[in-house]
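For the sequence shown, UniProt numbering gives the first residue as 1, with consecutive numbering after it.
Even glycine gets a Cβ: it sits at the ideal position worked out from N, Cα and C.
Since the structure is predicted, the reported quantities are computational estimates derived from the model, not experimental observations.
Report on one structure; see the data block that follows.
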Amino acid sequence: LGGFLLNDIEYSLPLIIKNSELKEQSIINDVNIIFDTVNNLSSVAYKINTDVLEFILEKGIEYDLIIDPDFKHPIEIKKNNHQKLTISENKSLDSFLSKKQLEMNILGLALIFKNVPEFYIPVRLDNRGRIYCMVDYLNYQGLVFSKGEKIYKYDKQSIDYLKIFGGNCFGNGIDKKSYNERVEWVNNNEEDILNFRNGNLIKKADSKLLFIAFCFEYINYHNSLFSNETSYISHFPIQLDATCNGYQ
């Protein structure tokens, strides 16, 4: 069923997530494109971006990509010393510990799946037709990883989409500029992108992990220019104009 290994156990869920606040639940007409949409999304194969994963494990703390597992929040130390916490301190500590645990869960799953050639992520709908992943932590609405093949031939438009997404990942106002200006920004900063480990751009990027993933992909594309191949096969998901919809 979708992306689950069922081990011969019968398992099913309604396609639409139930909303207890509604008097009547949403229904799907017999003639529609919803079933094909959900089936197509659930049939896309994904794999872990091992380049990004290894970089996180090696440089994650240095570039502030993850919380140091050994780091103890000052409020946590205060609590361990049996000192009374304010309501604000309790909220801050809960938020910090939740984020820390979330990162550990995601990294743990990524390590488990890193050698899996492909896996799938089933989806469901809410009552307004918005699509949500059915699995926690390791999903494309929350983590950066590679997915099914896309082919970028050596023409300007295809490569420009990769560059535009690179500008989006860097942010700092670049993502609000025109497509041409984002492409120009990548061209002007190509040396630092190809040598992203120097940290010049990573430290400034708004979406550090996405930008690192873009840099790895851009390096692969750049290296392919010196090969005899006439096209470049990419496993990198590019998101354009997807501000508030989870994953367009």
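Around the Cβ of TYR46, a 10 Å sphere holds 16 or more other Cβ atoms; the residue is buried. Where TYR221 is concerned, the enclosing alpha helix (DSSP H) starts and stops at 208 to 224. In the three-state DSSP reduction, SER42 falls in the helix class (H, G or I). Less than 8 angstroms divides the Cβ of PHE214 from the Cβ of GLY166. ASP68 is the residue among ASP68, TYR140, LEU210, VAL52 whose C-alpha sits nearest the C-alpha of PHE96. Of all alpha-carbon atoms in LEU209, ASN172, SER88, ILE17, the one lying nearest the alpha-carbon of ASN127 is that of ILE17.
Under the rule that a run must span 4 or more residues, the alpha helix (DSSP H) segments found entirely inside the segment 67 to 106 read 74 to 80. For TYR140, the secondary structure class from DSSP, reduced to helix, strand or coil, is coil. Within a 10 Å sphere around the beta-carbon of PRO74 sit fewer than 16 other beta-carbons, which makes this residue exposed. ASN105 is a Cβ neighbour of TYR137, given a cutoff of 8 angstroms. In the DSSP assignment, ILE56 falls within the unbroken alpha helix (DSSP H) covering 50 to 59. In the DSSP assignment, TYR179 falls within the alpha helix (DSSP H) that extends over 179 to 188.
Here the segment 79 to 98 makes no contact with the segment 22 to 31; the two share fewer than three CB pairs at distances below 8 angstroms. By the Cβ rule, the segment 226 to 234 does not count as touching the segment 188 to 205, because fewer than three pairs are nearer than 8 angstroms. Residue nearest to VAL38 within the set THR230, ARG130, ILE159, VAL183 is ARG130 (criterion: CA-CA distance).
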